[in-house]
Amino acid sequence: MTALQLCLVFSSALFCVGLVGALARSNTILVLLGIELMLNAANINFIAFWRFSPSPAPATGVMFVIFSIAVAAAEAAVGLALVIAVYRHQKNIRLQEANRLKG
Amino acid sequence: MNAVLIVIALVTLGAAAVAMTLRNLIHSALLLIASWAGVAAFYLWAGAEFVAFAEILVYVGAVSMVVLFAVLLTRRSRADLTVTPDSAGRAISGFIAGGAVCGVLVGAIVATPMGVGSSPTPTVTVKQIGVQLMGTHAASLLIVGVLLTVALLGAIVIASADRTDDSEDTP
Amino acid sequence: MLGSGLIQGLAVTAKNLVGSFHDPARYTNVEYPEVKTKLPEAYRNFPFLVTESASDPMGTLRCVACQICEKECPPQCIYIEKSKDKKPDATGKMQLFPAVFDIDTSVCMSCQICVEVCPFDAIKMDQVFEVATTSRFEALLLNRNQLAKPNTYYHSIHPTEAAEVDGRLAAERKAAEEKAKAAAAAKAAAAAAPKSATAAASATPPSTTPTPKPPAAPSAEAPKPPTPAA
Amino acid sequence: MIAAATTDAFLERAPVLLRDAVTGFLPEPWRTLVNALIAVGLILGIFGTLFAFITLAERKILGRVQNRPGPNRAPIPFINKRFFGLSQPFADGVKSLTKEDIVPRDADKVLHYLAPVALLAFSILTFAVIPYGRNLVPVELDAAVLYFFAAGAATELAVFMAGWASRNKYSLLAAMRALAQLISYELPLLLSWVPVVLIAGTLSTTAIVDAQAGWKFGFIPHWHVFTPWGFAGFVIFMVAALAESNRSPFDTPEAESELIAGHLTEYSGFKYALFFMAEYFGMLALSGMAITLFLGGWRSPLPFLEFIPSYLWFGGKLLALIFGFIWIRATFPRLRIDQLTRFAWKFLVPLALINLGNTIVWSLMSNSSALMQLARWPVCAAIILVPFVVLGRKLSAGVAPRIYRYA
Numbered sequence: 001m002t003a004l005q006l007c008l009v010f011s012s013a014l015f016c017v018g019l020v021g022a023l024a025r026s027n028t029i030l031v032l033l034g035i036e037l038m039l040n041a042a043n044i045n046f047i048a049f050w051r052f053s054p055s056p057a058p059a060t061g062v063m064f065v066i067f068s069i070a071v072a073a074a075e076a077a078v079g080l081a082l083v084i085a086v087y088r089h090q091k092n093i094r095l096q097e098a099n100r101l102k103g
Numbered sequence: 001m002n003a004v005l006i007v008i009a010l011v012t013l014g015a016a017a018v019a020m021t022l023r024n025l026i027h028s029a030l031l032l033i034a035s036w037a038g039v040a041a042f043y044l045w046a047g048a049e050f051v052a053f054a055e056i057l058v059y060v061g062a063v064s065m066v067v068l069f070a071v072l073l074t075r076r077s078r079a080d081l082t083v084t085p086d087s088a089g090r091a092i093s094g095f096i097a098g099g100a101v102c103g104v105l106v107g108a109i110v111a112t113p114m115g116v117g118s119s120p121t122p123t124v125t126v127k128q129i130g131v132q133l134m135g136t137h138a139a140s141l142l143i144v145g146v147l148l149t150v151a152l153l154g155a156i157v158i159a160s161a162d163r164t165d166d167s168e169d170t171p
Numbered sequence: 001m002l003g004s005g006l007i008q009g010l011a012v013t014a015k016n017l018v019g020s021f022h023d024p025a026r027y028t029n030v031e032y033p034e035v036k037t038k039l040p041e042a043y044r045n046f047p048f049l050v051t052e053s054a055s056d057p058m059g060t061l062r063c064v065a066c067q068i069c070e071k072e073c074p075p076q077c078i079y080i081e082k083s084k085d086k087k088p089d090a091t092g093k094m095q096l097f098p099a100v101f102d103i104d105t106s107v108c109m110s111c112q113i114c115v116e117v118c119p120f121d122a123i124k125m126d127q128v129f130e131v132a133t134t135s136r137f138e139a140l141l142l143n144r145n146q147l148a149k150p151n152t153y154y155h156s157i158h159p160t161e162a163a164e165v166d167g168r169l170a171a172e173r174k175a176a177e178e179k180a181k182a183a184a185a186a187k188a189a190a191a192a193a194p195k196s197a198t199a200a201a202s203a204t205p206p207s208t209t210p211t212p213k214p215p216a217a218p219s220a221e222a223p224k225p226p227t228p229a230a
Numbered sequence: 001m002i003a004a005a006t007t008d009a010f011l012e013r014a015p016v017l018l019r020d021a022v023t024g025f026l027p028e029p030w031r032t033l034v035n036a037l038i039a040v041g042l043i044l045g046i047f048g049t050l051f052a053f054i055t056l057a058e059r060k061i062l063g064r065v066q067n068r069p070g071p072n073r074a075p076i077p078f079i080n081k082r083f084f085g086l087s088q089p090f091a092d093g094v095k096s097l098t099k100e101d102i103v104p105r106d107a108d109k110v111l112h113y114l115a116p117v118a119l120l121a122f123s124i125l126t127f128a129v130i131p132y133g134r135n136l137v138p139v140e141l142d143a144a145v146l147y148f149f150a151a152g153a154a155t156e157l158a159v160f161m162a163g164w165a166s167r168n169k170y171s172l173l174a175a176m177r178a179l180a181q182l183i184s185y186e187l188p189l190l191l192s193w194v195p196v197v198l199i200a201g202t203l204s205t206t207a208i209v210d211a212q213a214g215w216k217f218g219f220i221p222h223w224h225v226f227t228p229w230g231f232a233g234f235v236i237f238m239v240a241a242l243a244e245s246n247r248s249p250f251d252t253p254e255a256e257s258e259l260i261a262g263h264l265t266e267y268s269g270f271k272y273a274l275f276f277m278a279e280y281f282g283m284l285a286l287s288g289m290a291i292t293l294f295l296g297g298w299r300s301p302l303p304f305l306e307f308i309p310s311y312l313w314f315g316g317k318l319l320a321l322i323f324g325f326i327w328i329r330a331t332f333p334r335l336r337i338d339q340l341t342r343f344a345w346k347f348l349v350p351l352a353l354i355n356l357g358n359t360i361v362w363s364l365m366s367n368s369s370a371l372m373q374l375a376r377w378p379v380c381a382a383i384i385l386v387p388f389v390v391l392g393r394k395l396s397a398g399v400a401p402r403i404y405r406y407a
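Chains as they are written, first to last, in my numbering: chain A, 1 to 103; chain B, 1 to 171; chain C, 1 to 230; chain D, 1 to 407.
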């Protein structure tokens, strides 16, 4: 297995850990963290492809990751604000109970 | 070289996997911070210094703080501690879905012949990143800036929805 | 403008920092166990017994074991036992003396009432404040040996008050001596008179025994009121 | 290089020469390793000693400010001379080492143990990129400033760990406060040095120091602090650094009048000493970074003073800033937590953003005629001073100066 393949396997494993967490847990914060993990896995892919690409000069992978981190930070901020809003509304943060459109 | 990568990957994956199974939210948040640090270590290994430090600064420094804040502000109820049959079923289906995705992805990666390019680590200086950000990617930089501002404002508005007199600073 | 108050505050602390090195008015500390500041003269706590001489404290106690202080003490921390025999006091008159004189300093509240009621200026307020001990009961119960301190010590801690007391005592002593002398002269005159030998013999005992005492007691009470003020 | 003559001065090269003399005979891969180990050992040794004596100096200065002598009794062992209590830090060290280490029964044992270790580790990490002298920078990194603040950002996490793991309500409150404080002050801290990066055009600490070389008119050094934007940035940086290192008047996480000792409540013995050490290391590192970014790094303030070796200049500036920290601690009362966050969000962040724009104006005007060169001073000073006054008015609006009627 080449180093690139190792990196990709690492990234897909991390993606799946995040996916399982997001699907299986009922705690909203953990679901959000699972999504963050999936974003990180995508970033790992960008860096891996930039690192092992035949001509890495343009640094596009790095650019992509920088923007991705910025978007992920925005996502975390909004997501956790939503969590707090949900908590204020129903006094817990269980995902299954946040099923009312009106309240 | 590969051994370092494997160690980093195992630490990161282990921390993330344990974090996703723990009941104690603070522990899982702290373990996730460890796994983000592992991702940053991977960036360092790959020669992307700037991204590694940015990852630490953003994830370990900022996102983790917001997560911990959210955990502390939302008290857990008794219902969260008991495993309902519904959530066990969801966990099993989640595992099946995740395992399937993992299998497909790993299978695809192993089966695909990858042409490996330059083996020496490519270097990208901060200056190059700056020039590219301000040059070719200037438009996306602006958009990201607007996005971040809007997200910050939106987060404040959402988090302090029913408090009109005093705006709270929860980004 | 925001920040001007901050700069003022910084200036104050800087002045203190610099001033503490050269300005004795700012820096008034002494290194306590080695160096002790002189306590103010009016400072007082815990009574002690005045003795006339430092070399023989037990022989020259002013206390005559009259037990007034024991009766007056509000927390009842004084315990006195009178002696069986008498011994001469400073003026040479035979007096009782305290065989036991204990003060429980764990009870004493330094109220100074014992000092005010003492007709003999025998108990005065001390200036001790380092009364920490390693044992709760024995060490805080002071006996007469520990309580006895010479008159010179009294002078060193409360100079003006001690001078006043000494002056008064000297005056009394002088008056007593003069009276004794007068009495002796009268006696001599009476003895010289041949007739009234029997009358003098019956008159002298009442006149000789009270001579030292009666002047001491009223005159000790008369100048007493100024002492608390001193 | 500026002043090539002094570069070759013996004292200037002495540390490197000494190191090469020790490790010169080693083969190449080992030599680099041993050199790195020597650098680590030197940093730990020097800053450890500095920490010990700064604690003493702090207590002495605080004492003098309050008109008392401070600790002066600990004798030097065996000779029994006091020497102004110079051995006090060692007595403290022995005391904290021999004290009982108490872990609360309900505490999260692992995190409780990990918190001081993590805190100290992260604060030591920040020392790696500070240029201590002309040739003395432990690790040359392209993104050194970013590295510094990334490592520094993790310290507050350790404070949170300590507070949460202690299972004590005061500690938990301290943890919350620490998080709120970090989120609030991280922003002005980061924004305050962005102008420096903008002007110097680099994130490398050595290059930033090089950008401050030379003198205007032969006596005004080209340090960033001597420009309007640099001065404003320096002040914002130092205020945010006070908050980041949990120093008074921003020490709300360990406010002893409200929270016993905050996150330190359940710590004793050596772990407590580690927290203390990390706090001082953080303070030293932030001061070192402030020197690098704004105060010309290891450069001497006047040309004829260049014969003094660069590392001594760095040390002198470091001690001066530390004295400033202590002086501020001796002067100002602690802020309330709401005042603290309001100060950050409504005053420091807008000011830092305006300062960023100010820097852009400064650098745009620098390329034009001599008249513009002269005009940019009042213009840039006004750009930062007017918002300062206006924001200051708004911040202190409704807060009348208190009249102490019975004082």
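For glycine and all other residues, C-beta sits at the position ideal for the given N, C-alpha and C.
Under the three-state reduction of DSSP, L39(C) is assigned to coil, being neither helix nor strand. With contacts defined as CB atoms closer than 8 Å, A3(A) and F52(A) qualify as a contacting pair. Annotation: the continuous beta strand (DSSP E) that includes Y79(C) extends over I78 to K82. At least 8 Å separates the CB of E140(D) from every CB of chain B.
Within the same chain, and ignoring the five residues on either side of T28(A) in sequence, the residues whose Cβ sits closer than 6 Å to its Cβ are V83, I93 and L95.
The distance from the Cβ of A150(D) to that of L57(B) is about 4 Å, consistent with a contact at the 8 Å cut-off. Between A70(A) and L148(B) the beta-carbon gap is near 6 Å, inside 8 Å, which marks them as a contact.
In summary, the residues of the stretch 65-87 of chain A whose CB is separated from some CB of chain B by less than 8 Å are V65, I66, F67, I69, A70, V71, A72, A73, A74, E75, A76, A77, V78, L80, A81, L82, V83, I84, A85 and Y87, in the order they occur in the chain. For the pair of segments examined, the stretch 35-53 of chain B was found to touch the stretch 6-17 of chain B: the number of CB pairs separated by less than 8 Å reaches three. Only those residues of the stretch 23-52 of chain D whose C-beta falls short of 9 Å from the nearest C-beta of chain B would be listed, and there are none. Secondary structure at I124(D): helix, using DSSP grouped into helix, strand and coil. The contact set of Y27(C) on chain D, defined by CB atoms closer than 7 Å, consists of N67 in chain order.
Neighbours of A330(D) in chain C, taken as residues whose beta carbon is under 7 Å from its own, are T13 in chain order. Remark: C-beta atoms of L141(D) and V225(D) do not approach each other more closely than 8 Å. Here G269(D) is near E100(D), since their CB atoms are less than 8 Å apart.
Residue state for V50(C) is assigned as strand, using DSSP reduced to three classes. Taking the beta carbon of A143(D) as reference, the chain B residues within 8 Å of it are E49, F50, F53 and V126, listed in sequence order. Short of 7 Å from the beta carbon of V117(C), and not among the five residues preceding or following it, lie these beta carbons of its own chain, in chain order: I68, C69 and E72. Cβ-Cβ distances below 7 Å link R73(D) to R82 and G85 in the same chain, with the five nearest sequence neighbours on each side left out; the list follows chain order.
Per DSSP, reduced to three states, the secondary structure at V100(C) is strand.
Taking the CA atoms as reference points, P57(C) sits about 7 Å from K149(C).
By the rule that beta-carbons nearer than 8 Å mark a contact, F250(D) does not touch chain B. In the three-state reduction of the DSSP assignment, L141(C) falls in the strand class. Straight through space, the alpha carbons of F325(D) and V103(D) are spaced by roughly 32 Å. Excluding the 5 residues flanking it on each side, R31(D) has same chain C-beta neighbours closer than 7 Å at T23, in chain order.
Around A62(B), the beta-carbon contacts reaching into chain D at under 8 Å are A153, I183 and E186. Scanning the stretch 53-103 of chain D from its first residue to its last, the whole alpha helix (DSSP H) runs of 4-plus residues come out as 88-98.
Look at A37(B): its C-beta is not under 8 Å from any C-beta on chain A.
When the five nearest sequence neighbours on each side are left out, the beta carbons in the same chain lying within less than 6 Å of the beta carbon of F234(D) are those of V225 and F294, in order along the chain. Distance check between V94(D) and each of Q66(D), L111(D), R68(D) and A52(D) places A52(D) closest, using alpha-carbon atoms only. Every candidate beta strand (DSSP E) stretch fails here, since none sits fully inside the stretch 1-63 of chain A while reaching 3 residues.
At a cut-off of 8 Å between beta carbons, V7(B) makes no contact with chain A. Close to H137(B), with beta-carbon spacing below 7 Å, are these residues of chain A in chain order: M63. Beta bridge pairing from DSSP links W215(D) with P221(D). In this structure, DSSP gives A41(B) a helical state, which the three-state scheme calls helix. Annotation for D251(D): R334 place their beta carbon closer than 7 Å to its own, counting only its chain and skipping 5 residues before and after.
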